[in-house]
Amino acid sequence: MIKVLKPGLATSIQDLGREGYYHLGIPPSGAMDSYALRAANLLVGNVPGAAALECTLLGPELHFAEDALVALSGARMTPRLDGAEMPLDEAFVVQAGQVLKFDYLKAGARGYLAVAGGFDVPEVLGSRSTYTLGSLGGFQGRRLAVGDELAVGTPATSAKPGTRLSGDLLPACGGEVTLRVVPGLYHHRLTADAAEAFFADTWTVGSEADRIGYRFKGGRPLAFTPREQPFGAGSDPSNIVDSCYPIGSIQVPAGLEPIVLHQDAVSGGGYAMIGTVISSDLDLIGQLQPNQKARFVAITLEDALAARRLYKERLQRLEQVLAS
Amino acid sequence: MTTAIRYSFGGDEHLFVELSESMSLEAFFRGLAMTRAVQALQLPGIHDICLANASFQVRFDPDVLPPDRLLAAVQGVEDLAVAERRLATRLIEIPVLYNDPWTHETLMRFRDRHQDPSATDLEYAARINGLADVEAFIAAHSGAPWFVSMVGFVAGLPFMFQMVEPERQLQVPKYLRPRTDTPKQTLGHGGCFGCIYSVRGAGGYQMFGVTPAPIYDPAQRLDYLQEHMVFFRPGDIVRFRAIDRAEYDRMLAQVEEGSFTLNIRPVDFSLDAFLDDPRGYPRTLMEEPA
Numbered sequence: 002m003i004k005v006l007k008p009g010l011a012t013s014i015q016d017l018g019r020e021g022y023y024h025l026g027i028p029p030s031g032a033m034d035s036y037a038l039r040a041a042n043l044l045v046g047n048v049p050g051a052a053a054l055e056c057t058l059l060g061p062e063l064h065f066a067e068d069a070l071v072a073l074s075g076a077r078m079t080p081r082l083d084g085a086e087m088p089l090d091e092a093f094v095v096q097a098g099q100v101l102k103f104d105y106l107k108a109g110a111r112g113y114l115a116v117a118g119g120f121d122v123p124e125v126l127g128s129r130s131t132y133t134l135g136s137l138g139g140f141q142g143r144r145l146a147v148g149d150e151l152a153v154g155t156p157a158t159s160a161k162p163g164t165r166l167s168g169d170l171l172p173a174c175g176g177e178v179t180l181r182v183v184p185g186l187y188h189h190r191l192t193a194d195a196a197e198a199f200f201a202d203t204w205t206v207g208s209e210a211d212r213i214g215y216r217f218k219g220g221r222p223l224a225f226t227p228r229e230q231p232f233g234a235g236s237d238p239s240n241i242v243d244s245c246y247p248i249g250s251i252q253v254p255a256g257l258e259p260i261v262l263h264q265d266a267v268s269g270g271g272y273a274m275i276g277t278v279i280s281s282d283l284d285l286i287g288q289l290q291p292n293q294k295a296r297f298v299a300i301t302l303e304d305a306l307a308a309r310r311l312y313k314e315r316l317q318r319l320e321q322v323l324a325s
Numbered sequence: 065m066t067t068a069i070r071y072s073f074g075g076d077e078h079l080f081v082e083l084s085e086s087m088s089l090e091a092f093f094r095g096l097a098m099t100r101a102v103q104a105l106q107l108p109g110i111h112d113i114c115l116a117n118a119s120f121q122v123r124f125d126p127d128v129l130p131p132d133r134l135l136a137a138v139q140g141v142e143d144l145a146v147a148e149r150r151l152a153t154r155l156i157e158i159p160v161l162y163n164d165p166w167t168h169e170t171l172m173r174f175r176d177r178h179q180d181p182s183a184t185d186l187e188y189a190a191r192i193n194g195l196a197d198v199e200a201f202i203a204a205h206s207g208a209p210w211f212v213s214m215v216g217f218v219a220g221l222p223f224m225f226q227m228v229e230p231e232r233q234l235q236v237p238k239y240l241r242p243r244t245d246t247p248k249q250t251l252g253h254g255g256c257f258g259c260i261y262s263v264r265g266a267g268g269y270q271m272f273g274v275t276p277a278p279i280y281d282p283a284q285r286l287d288y289l290q291e292h293m294v295f296f297r298p299g300d301i302v303r304f305r306a307i308d309r310a311e312y313d314r315m316l317a318q319v320e321e322g323s324f325t326l327n328i329r330p331v332d333f334s335l336d337a338f339l340d341d342p343r344g345y346p347r348t349l350m351e352e353p354a
């Protein structure tokens, strides 16, 4: 059992999410950086999609009532065990009675703390991920709070301390990122100038950046071609008849600040989407802090599929290296 | 209906299909028929088929189902999109306390984000729709049934389209800036769409009232939520019944003790019957015993 002494800023239980309920408004949820979640789990001998703690910007403080093997990957927030510095991206033992906390973030936004055996919460609709807006899944459908007591599952026997990531399997975070976008959906509603400006400008992550979506500022306003609005669409040129929003889709309410939807996305609404960030770049967004810089680059669907293959190959190597 | 159906990929995991740029029951029915036809293909690799008002989206795994194969399959059922014009569905009565104290308190708190800070949402909606007063607006709102044309935004939130002639469609803009708070089970309205906020949270629709009936509950405490934690499905038909505070309080007590239930009955909806007589046909749905 692990007791929450301090919850951190926004710590929740996440796995790889749930599929099949988006048509009812229930988004996939799951880790915002699914590569880091998989890495942390594999380091402690778990299956890659076991439930772990997603620790956002400021990590929690945890008291362990039993011995455990843990690992942190993703954001650079150095773990401290009873005050002693512990490695990132490496499995280490916590003994019964010890307290684990985390230094201030050096880079990235979300650290994934896996424990051998995984966090034992009930599966809801096929996943242990927390969807806070719907009070669903995870630990009582919410972020962690002071005094919560988290149960741990039975560890795999293969788990051993000292297992670590190296080389290009280490997670990368920090600096300016490039997000690849397949233009489409209502992209044709932008003026030619706006379509060009969106990809030319450098954007800055705004303060409204969470599991639902990331808002970007600092680029030029994006004009939509004026038209007589279709019936039911609403009066602003950026409005459409409410439709479904893809995960990763980019909407620009009133043409001002682009919002990229993520794992806890609202499933639909009335703002024109101008394209979609490809699935293999969503992890990069999950590690963006407010004020970090990002650029968007247009690619074809074929290139998106090629990027997806490379991403999957890296996942396979991760599994091969850590399983051996 | 000869409008060309528009296809666009939402990255590598979504296919977006637009039946029409503008809202109509015709467009919704085409989407409903096509999504049912795609569902029936049972293609491996489809995660989810999300039906919206006049469009739909397929979320899929391109490693299992390559995008071009999915596109060809969906295009292959286009012809079915005009075939289905009848729908066996549910007629659901939703009790509503219009002009309730909780949405009133909330709308007063966010008056600076509203088009008309000197009026309430109901007064504003009545005025811009050319209705004499709030009572006349409530009569129009609860006087004809509504079609659930989309479920989403957040878990279990129904978007609804009223079954009236286009000139009688109630229309209101969204708030100038979205609120950060909306009471749970608020009746909202934005553009031509009504909704019921399934959970407390942010929102931009005008607020007209509140229903005591939970429509989303992960704990599934009430009988009509036993089958699924999300109550509404696209295609459901809703009629609102205005209730007073005493009845609201009674129902809320029933919700708390777990005995509350909804009047739900099966109904066979005909799109052509509605289009032929958009005033008379919905009235038959309102008059049927619940």
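Protein chains in written order, with the working numbering: chain Y, 2 to 325; chain U, 65 to 354.
All C-beta atoms, glycine included, are put in the ideal place defined by N, C-alpha and C.
Span of the beta strand (DSSP E) around residue i
| i | result |
| --- | --- |
| F80/U | H78 to E82 |
| P80/Y | P80 to L82 |
| P330/U | N327 to S334 |
| G112/Y | A108 to V116 |
| I241/Y | N240 to C245 |
Residue range of the unbroken alpha helix (DSSP H) whose run includes residue i
| i | result |
| --- | --- |
| S206/U | V198 to G207 |
| A160/Y | Per DSSP, A160/Y belongs to no alpha helix (DSSP H) and is neither H nor E. |
| L317/Y | Correcting the residue type first, residue 317/Y is Gln in the shown sequence and not Leu. Run containing Q317/Y: L302 to A324, per the alpha helix (DSSP H) assignment. |
| A190/U | D185 to I192 |
Residues near residue i by beta carbon distance below 6 Å, same chain, minus five either side
| i | result |
| --- | --- |
| D21/U | Absent from the structure is residue 21/U, since the part of chain U shown begins at 65 and ends at 354. |
C-alpha distance - residue i paired with residue j, whole-angstrom precision
| i | j | result |
| --- | --- | --- |
| G154/Y | S30/Y | 21 Å |
| L171/U | T275/U | 16 Å |
| L82/Y | A210/Y | 30 Å |
| M2/Y | P247/U | 36 Å |
| S159/Y | G50/Y | 17 Å |
| A152/Y | A37/Y | 22 Å |
| L151/U | F92/U | 12 Å |
| Q103/U | A201/Y | 40 Å |
| V138/U | M98/U | 8 Å |
| R181/Y | L166/Y | 26 Å |
| V5/Y | H263/Y | 27 Å |
| V267/Y | D237/Y | 20 Å |
| G273/U | H253/U | 10 Å |
| P298/U | G21/Y | 16 Å |
| P162/Y | D90/Y | 11 Å |
| D336/U | R149/U | 7 Å |
Min CB distance residue i to chain U below 8 Å
| i | result |
| --- | --- |
| E20/Y | yes |
| Y272/Y | no |
| I3/Y | no |
| S128/Y | no |
| A234/Y | yes |
| T277/Y | yes |
| P123/Y | no |
| P49/Y | no |
Neighbourhood of residue i by C-beta, 7 Å cutoff - its chain only, sequence neighbours within 5 removed
| i | result |
| --- | --- |
| Q318/U | F324 |
| L43/Y | P49, L319, E320 and L323 |
| A306/U | V160, Y162, I202 and S206 |
Closer than 8 Å to chain Y by CB, residue i
| i | result |
| --- | --- |
| E229/U | no |
| M214/U | yes |
| P131/U | yes |
| N193/U | no |
| D176/U | no |
| F73/U | yes |
| F80/U | yes |
| D245/U | no |
| P282/U | yes |
| A97/U | no |
| A116/U | yes |
Spatially closest choice to residue i from the options, by CA coordinates
| i | options | result |
| --- | --- | --- |
| V298/Y | Q290/Y, N292/Y and P184/Y | P184/Y |
| V302/U | R314/U, G322/U, A277/U and Y312/U | A277/U |
| H205/U | V236/U, G216/U and V215/U | V236/U |
| L83/U | L129/U, L144/U, R297/U and R123/U | L144/U |
| R296/Y | R216/Y, D121/Y, R309/Y and G75/Y | R216/Y |
| A305/Y | Q290/Y, L316/Y, K313/Y and S281/Y | S281/Y |
| M271/U | D287/U, Q249/U, D112/U and D281/U | Q249/U |
| D76/U | A115/Y, S130/Y, G249/Y and A146/Y | G249/Y |
| R190/Y | F140/Y, I275/Y, P259/Y and R111/Y | I275/Y |
Residue i CB to nearest heavy atom of the ligand HEM below 7 Å
| i | result |
| --- | --- |
| L191/Y | Within the structure as shown, the ligand HEM is missing, as the structure has no ligands at all. |
8 Å Cβ shell around residue i - same chain, five flanking residues per side excluded
| i | result |
| --- | --- |
| Q290/U | Q284 |
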